[in-house]
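A.B. asks:
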Amino acid sequence: MSINHLITPSRTYCWSNTSSKKRTLEKISQVVSSSQANLSEEHIFNILIDRERLGSTGIGKGIAIPHGRIKNLEKPIACLIKLNTPIDFDAIDNQPVDILFTLLVPEESDQEHLDLLAELASLLSQNDFCTHLRNTTSSEELFSVFTDWADNKVPA
Numbered sequence: 004m005s006i007n008h009l010i011t012p013s014r015t016y017c018w019s020n021t022s023s024k025k026r027t028l029e030k031i032s033q034v035v036s037s038s039q040a041n042l043s044e045e046h047i048f049n050i051l052i053d054r055e056r057l058g059s060t061g062i063g064k065g066i067a068i069p070h071g072r073i074k075n076l077e078k079p080i081a082c083l084i085k086l087n088t089p090i091d092f093d094a095i096d097n098q099p100v101d102i103l104f105t106l107l108v109p110e111e112s113d114q115e116h117l118d119l120l121a122e123l124a125s126l127l128s129q130n131d132f133c134t135h136l137r138n139t140t141s142s143e144e145l146f147s148v149f150t151d152w153a154d155n156k157v158p159a
């Protein structure tokens, strides 16, 4: 499965304000649980916050990839968020984060999890791509830019 097939318009948002890493993860948990009847907001949040306790998923350059594995999840799901105001995310370069791509995979999907993270990291390492994401002004535009780049419709 490719990363571009995991993003849906209902899990793609431009947010004007979140006050903290914790609050952002809470909002992401709300978004994901609203599209997954079998997953509670609290369970998703606990998975994400437990992963953050192991080490920040802030990978630098204003990007974070909160991720985790969930028991009984049928297939991977993802959520893309662009913050209008960057927040502290304890990133490896100490820069605030404004692009968050959340990835949740079935607990037993070790290789798929790694493959999706690698694909995502490759995509997010492209400065032009991140600039285009940051220049979006609506959730619809954010979704369109992401899927066009992920589908290789826009040259790297």
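Everything in the sequence shown is counted per the working numbering, starting at 4 for the first residue and increasing by one. Ideal Cβ positions, reconstructed from N, Cα and C, are used throughout, including at glycine. Since the structure is predicted, the reported quantities are computational estimates derived from the model, not experimental observations.
1. If you drop the 5 nearest sequence neighbours on each side, which residues of the same chain put their C-beta closer than 8 Å to that of Ala124?
2. Only counting the same chain, and skipping five residues up and downstream in sequence, which positions put a Cβ closer than 6 Å to that of Ala159?
3. Would you check if the segment 134–142 and the segment 14–22 touch, i.e. whether three or more CB-CB distances between them fall below 8 Å?
4. Entirely within the segment 116–156 and at least 4 residues each: give me those alpha helix (DSSP H) ranges in chain order.
5. Among Ser5, Leu28 and Thr150, which one has its Cα closest to the Cα of Thr105?
6. Under 9 Å between the Cβ atoms of Asn7 and Asp131?
7. Given Thr21, which residues of its chain have a CB within under 7 Å of its CB, disregarding the five upstream and five downstream residues?
8. Report the residue ranges of all alpha helix (DSSP H) runs contained in full by the segment 29–112; include only those spanning at least 4 residues, in chain order.
9. Mark Thr88 as exposed unless 16 or more other C-beta atoms lie within 10 angstroms of its C-beta, in which case mark it buried.
10. Nearest to Cys133 by CA position, among Val148, Glu143, Ala121 and Leu120, is which residue?
11. Which stretch, first to last residue, makes up the beta strand (DSSP E) that contains Thr15?
12. If you check the beta carbons only, do Cys82 and Leu57 fall under 9 Å apart?
13. With a threshold of 16 other CB atoms inside 10 Å of the CB of Lys24, please say whether the residue is buried or exposed.
14. Is it buried or exposed, Leu76, if we count other Cβ atoms within 10 angstroms and call 16 or more buried?
15. So is Ala94 buried or exposed if we call it buried at 16+ other beta carbons inside 10 Å?
C.D. replies: Taking the coordinates as given:
1. Ile62 and Ile68
2. Unreliable positioning characterises Ala159 in this predicted model, as indicated by a pLDDT of 45, which lies under 50. A coordinate reading is not provided.
3. yes
4. As summarised for the segment 116–156, the continuous alpha helix (DSSP H) elements at least 4 residues long and confined to that stretch are 130–137 and 142–153, given in chain order.
5. Leu28
6. Their beta carbons are not under 9 Å apart, which means Asn7 does not touch Asp131 by this criterion.
7. Thr27, Lys30, Leu86 and Ile90, listed in sequence order.
8. 44–57
9. The residue is exposed, with fewer than 16 neighbouring Cβ atoms inside 10 Å.
10. Val148
11. Thr15 to Trp18
12. no
13. buried
14. buried
15. Result: buried.
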